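Peer 1: Under this note's numbering, think of the first position of the sequence shown as 659, with each following residue one higher. Glycine is no exception: its CB is placed at the ideal position from the N, C-alpha and C atoms. Since the structure is predicted, the reported quantities are computational estimates derived from the model, not experimental observations. Right, I'll just put the structure down here and ask away after.
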Amino acid sequence: MKILKRDKRTVDFDHKKIKHAIEKAFKSIDKEYKSEDLNRYALEIKEELLSTYNPKNPPTVEKIQDLVELKLIDEKHIDVMKSFILYRNKHSKERQIIDRFGEFINDEKLLNILKNIRKKYDNEKYSLEDLYRKFESFVKENQTQEVYLSELIKAASELTTKDAPRWEFIAAIFLNYDLNMNIEKNLKVYGINNFYEKIKFLTEKGLYGKYILENYSKEEILELEEYIDSSRNNLLNYSGLDLLIKRYVIRSHDGKLVENVQEMFMGIAMHLAIPEQNKIYWAKKFYDIYSTLKVTVATPTMSNARKPYNQLSSCFIDTVPDTLKGIYRSIDNFAQISKHGGGMGLYFGKVRATGSDIRGFKGVAGGVIRWLKLANDTAVAVDQLGVRQGSVACYLDVWHKDIPEFLQLRTNNGDDRMKAHDIFPAVSYPNLFFELAEKDINATWYMFDPHEILTKKGYSLEDYYGKEWEEKYKECIEDENISRREMSVKDLVRLIIKSLTETGTPFAFFRDNVNEMNPNKHAGMIYSSNLCTEIMQNMSPIETISTTIETEDGDEVIVTKTKPGDFVVCNLASLVLGNINIEDDNELKDVVKTTVRALDNVIDLNYYPIPYAKVTNRKYRSIGLGTSGYHHALAKAGIAFSDEEEHLKWADDLYERINYHAISASNEIAMEKGSYDYFEGSDWENGDYFELRDYKDEKWTRLRESVNKNGLRNGYIMAVAPTGSTSIIAATTAGVDPVMMRYFLEEKKGSILPRVAPDLTPKTFWLYENAHDIDQNILIKMTAVRQRHIDQSQSINFYITTDYTMRKLLNLYIEASKQKVKSIYYVRSKSLEVEECDYCAS
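Below, the structure written as structure tokens:
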């Protein structure tokens, strides 16, 4: 038997659909029913239809619905019948709305998308009538179909509220359709019919690296094309998809869109799988974690993987030596890195202070500030293809003679000639400083010239940490031959707090906490961090060994030999905790192990802007496995950020599991590919890493023995980056920070777009406490419990209000120092705008 649909199509009759419709009517009023009764009603209606069936004039949907109403009356279900009528009328009204859209839109595919949205989404919160009213307010007569689609996207995005947050995802459905329409049109012009032809075209045009076609056959690429799952586009919200289109998917040289989002994820996966023996298997594994938004890669990796200039690392750290040649080399290194899209951390603690001697001439050195201004001007001059300004964080020790001027680099007072508004100042603190701030704030603080100490004492104060540093510091104080600058701890704290409240900086680096937990302390020292304060790895300056004149092909050439030092590189990716089923440890294990393997491959695949970075990266094979979506996952778990006891247990358990799986993964890769060069003698090898973190149960003991026996692939493994832009793509919360607001307005393309916290529901609404309303001491405690499981650091912010006094803010830093926190990023007041780090976004 056939039935006649409203669009005049005839389809096979299915009595189960009648049963389903009656069942929905019962459920809508919470009335109990027996499934066998509903099945009987449907079969009786079928029999009645068959008794009068005429193939030339099949029954209509309306006739069947009439029979359903009569059957419900016959069975004395009057209340259910009323509900069915309301449901029927509502759907009739929605069909009329689709017809009204059809007065403007003549694209059947787009009208079908509207119909699917009606079926998929709650019609109370996501009414097509509301969408039509908003759409109608934008449209004008005789506009093009492209304009109508644009206005439909805008209408859906503007309907987003804290009560109806999924409009963000509906807007993305329309935006993705627009993207695919554009790509389809462009591909016809270029004569591209499949993924292989697209990669070939992009390679010929210099938009894809040749290495993809060199490592994958046509058959393999077509197999991977088959694996691409376009339904995963539905995981993207409007803001995330809009960002991908603007910044990440590949366009032709004349600006035409060529690559879609899923092809982008697959292209990245294919690139990172190249070092593997079973490339196809791993390309699919990598694609799965990226396309399902369970993992985000660093901004440079997402931008540059699969492309000719495949610079995949986010941040770099250089130790600036105390020589003219060395300083200019560090500035040049920064310029080269900025040119290729990286951010920089520069440690200036070895550079002589203002008034120091040069070649025996006393009082002639200009100090650190003039070099910081040079770094500042380089950041402005060497931008990144006009997309964004270069960025550099400059670190100085709190005992350096130039620290008072350093603390005023960005504040509103003082001499403009001493300002550097485009760098990000960061201070390296020993724990002693905050011990004095807590117990004896009027104590004298002594500041020294590192060059003078090296000359007169034969050692560098910055080369020590902890109690050994304190002994050397006191030794310098007691030596009357060492000049010093004196200031009370209180006055120095005032300068720090003034800068924090005005600019959000300086960032804080707790050097004792960092170096005590350094798993590679046998091989070096950590002086500072990177642009976003989460990377902490051994550092040392580059040294010039010799410069000689040699003859080559009949010409004289200048050959300079240098020791590369430890020039730190960050290779980052983040687990999106809100998008992973973290309760399922097998899923967490699989995602972590896949991510660690991909990150390890970045080291070998990376294009290094300068050779020093390549040498260091291959010696330590450092990676930075981080997390985003922390507050998102916490809310989904039903825990408030300020619920100290539950939050602490949750965080401790989760990050221990992540760390265990990450170390296990690195251990397994070491069995397959070998350990990093400095493994022998490290805390990993001798077991101190596990002792310091009190990892003593049976599973940790087994892992410790395996690491000792079989090695470790990566010298540093975990680091939590800020994830500013990539958390937007993953529709989650940034890094490990609490949300600033559950609901806010964002200006985009001249219109105001509402944004909401992820998975916002009546249940999670109150669990999304605003960052400024949370006791910041709880934030410190949670950072400390996570820090036990993170060998590097976490990019965390403090959120302060106008109620904060100098003492209250200082107490946060004192507590962080005591709790063994390693670094603090920005201090963010409600009125202060700070620049989001987009380099370490991962």
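Taking buried to mean at least 16 other C-beta atoms within 10 Å of its own C-beta, is Gln-1452 buried or exposed?
Peer 2: buried
Peer 1: Just how far apart, CA to CA, sit Val-738 and Lys-783?
Peer 2: 23 Å
Peer 1: Tell me the DSSP bridge mates of Phe-1165?
Peer 2: According to DSSP, which records beta bridges pairwise, Phe-1165 is partnered with Ala-1084.
Peer 1: Do you know offhand how far Ile-938's Cα is from Ala-1271's?
Peer 2: 30 Å
Peer 1: Please name the residue, chosen from Lys-767, Leu-1030, Val-1040, Ala-1037, that lies closest to Asp-1060 on a Cα-to-Cα basis.
Peer 2: Leu-1030
Peer 1: On the CB-based measure, 16 or more other CB atoms within 10 Å of its CB, does His-1079 come out buried or exposed?
Peer 2: exposed
Peer 1: Is Met-928 buried or exposed, if buried means 16 or more other CB atoms sit within 10 Å of its CB?
Peer 2: Met-928 is buried by the Cβ-count criterion.
Peer 1: Give a yes or no on whether the C-beta atoms belonging to Gly-1282 and Ala-1166 are separated by under 7 Å.
Peer 2: No, the Cβ-Cβ distance between Gly-1282 and Ala-1166 is not below 7 Å.
Peer 1: Can the beta-carbon of Ser-686 be found closer than 7 Å to that of Ser-750?
Peer 2: no
Peer 1: In its own chain, which residues sit with a C-beta less than 6 Å from the C-beta of Leu-707, not counting the 5 before and 5 after it?
Peer 2: Pro-717
Peer 1: Using the rule of at least 16 other Cβ atoms within 10 Å of the residue's Cβ for burial, across every protein chain shown, is Arg-667 buried or exposed?
Peer 2: Classified as exposed, Arg-667 has fewer than 16 neighbouring CB atoms from the shown chains inside 10 Å of its CB.
Peer 1: To the nearest angstrom, how far is the alpha carbon of Gly-1284 from that of Arg-791?
Peer 2: 43 Å
Peer 1: How many Å lie between Ser-1487 and Leu-1158 at the Cα?
Peer 2: 9 Å
Peer 1: If I'm right that Ser-1481 touches Phe-1092 with Cβ under 8 Å, what's the distance once you round it to whole angstroms?
Peer 2: Contact doesn't hold; Cβ gap of about 14 Å is too wide.
Peer 1: If we count the other Cβ atoms within 10 Å of its Cβ and call it buried at 16 or more, is Arg-1279 buried or exposed?
Peer 2: buried
Peer 1: Could you give the distance in angstroms between the alpha-carbon of Asp-900 and the alpha-carbon of Leu-833?
Peer 2: The C-alpha of Asp-900 lies about 8 Å from the C-alpha of Leu-833.
Peer 1: Taking Phe-793 as part of the beta strand (DSSP E), name the residues at either end of that continuous run.
Peer 2: It is not in any beta strand (DSSP E) - Phe-793 instead sits in the alpha helix (DSSP H) that spans 786 to 796.
Peer 1: Just checking my contact of Gly-1003 with Ala-1033 at CB under 8 Å: how many whole Å lie between their CB atoms?
Peer 2: So it is not a contact: roughly 11 Å between Cβ atoms.
Peer 1: Measuring alpha carbon to alpha carbon, tell me which residue in Asn-1428, Glu-1326, Leu-865 is nearest Ile-908.
Peer 2: Nearest C-alpha to Ile-908: Leu-865.
Peer 1: Could you tell me the boundaries of the beta strand (DSSP E) in which Ala-1051 lies?
Peer 2: 1050 to 1055
Peer 1: What's the call for Asn-1259, buried or exposed, on a 16-neighbour Cβ count within 10 Å?
Peer 2: buried
Peer 1: Evaluate Leu-1403 with the Cβ neighbour count: other Cβ atoms within 10 Å of its Cβ, from every protein chain shown; 16 or more gives buried, anything less gives exposed.
Peer 2: exposed
Peer 1: Are there 16 or more other CB atoms within 10 angstroms of the CB of Arg-1017, so buried, or fewer, so exposed?
Peer 2: exposed
Peer 1: Restricting to Cα atoms, I'd like to know which of Asp-670, Asp-688, Ser-693 is closest to Lys-704.
Peer 2: Asp-670
Peer 1: Does any CB atom of chain C fall closer than 7 Å to the CB of Thr-1113?
Peer 2: You won't find chain C in this structure, because it holds only one protein chain.
Peer 1: Ala-1039: buried (16+ other C-beta within 10 angstroms of its C-beta) or exposed?
Peer 2: exposed
Peer 1: Note the first and the last residue of the continuous alpha helix (DSSP H) segment covering Ser-1186.
Peer 2: In this chain, Ser-1186 is not harboured by any alpha helix (DSSP H), its DSSP state being neither H nor E.
Peer 1: Report the residue from Leu-930, Asn-1173, Ser-1204, Thr-1209 whose alpha carbon sits nearest the alpha carbon of Gln-1195.
Peer 2: When the alpha-carbon of Gln-1195 is set against those of Leu-930, Asn-1173, Ser-1204, Thr-1209, the nearest one is in Asn-1173.
Peer 1: Classify Asp-912: buried if its beta carbon has 16 or more other beta carbons within 10 angstroms, exposed otherwise.
Peer 2: exposed
Peer 1: Would you give the residue range spanned by the beta strand (DSSP E) that Ser-1232 belongs to?
Peer 2: 1230 to 1234
Peer 1: Name the residue from Lys-876, Leu-730, Val-1479, Glu-1241 whose alpha carbon lies nearest to the alpha carbon of Ile-1316.
Peer 2: Comparing Cα positions, the closest option is Glu-1241.
Peer 1: What number of angstroms, rounded off, separates the C-alpha of Tyr-1426 from the C-alpha of Pro-1269?
Peer 2: 45 Å
Peer 1: Three or more beta-carbon pairs under 8 Å between the stretch 1285 to 1302 and the stretch 972 to 987, yes or no?
Peer 2: no
Peer 1: If you check the beta carbons only, do Ile-947 and Val-955 fall under 7 Å apart?
Peer 2: no
Peer 1: Kindly indicate which three-state DSSP category Val-955 falls into: helix, strand or coil?
Peer 2: strand
Peer 1: Run through DSSP, which three-state label would Val-669 get?
Peer 2: strand
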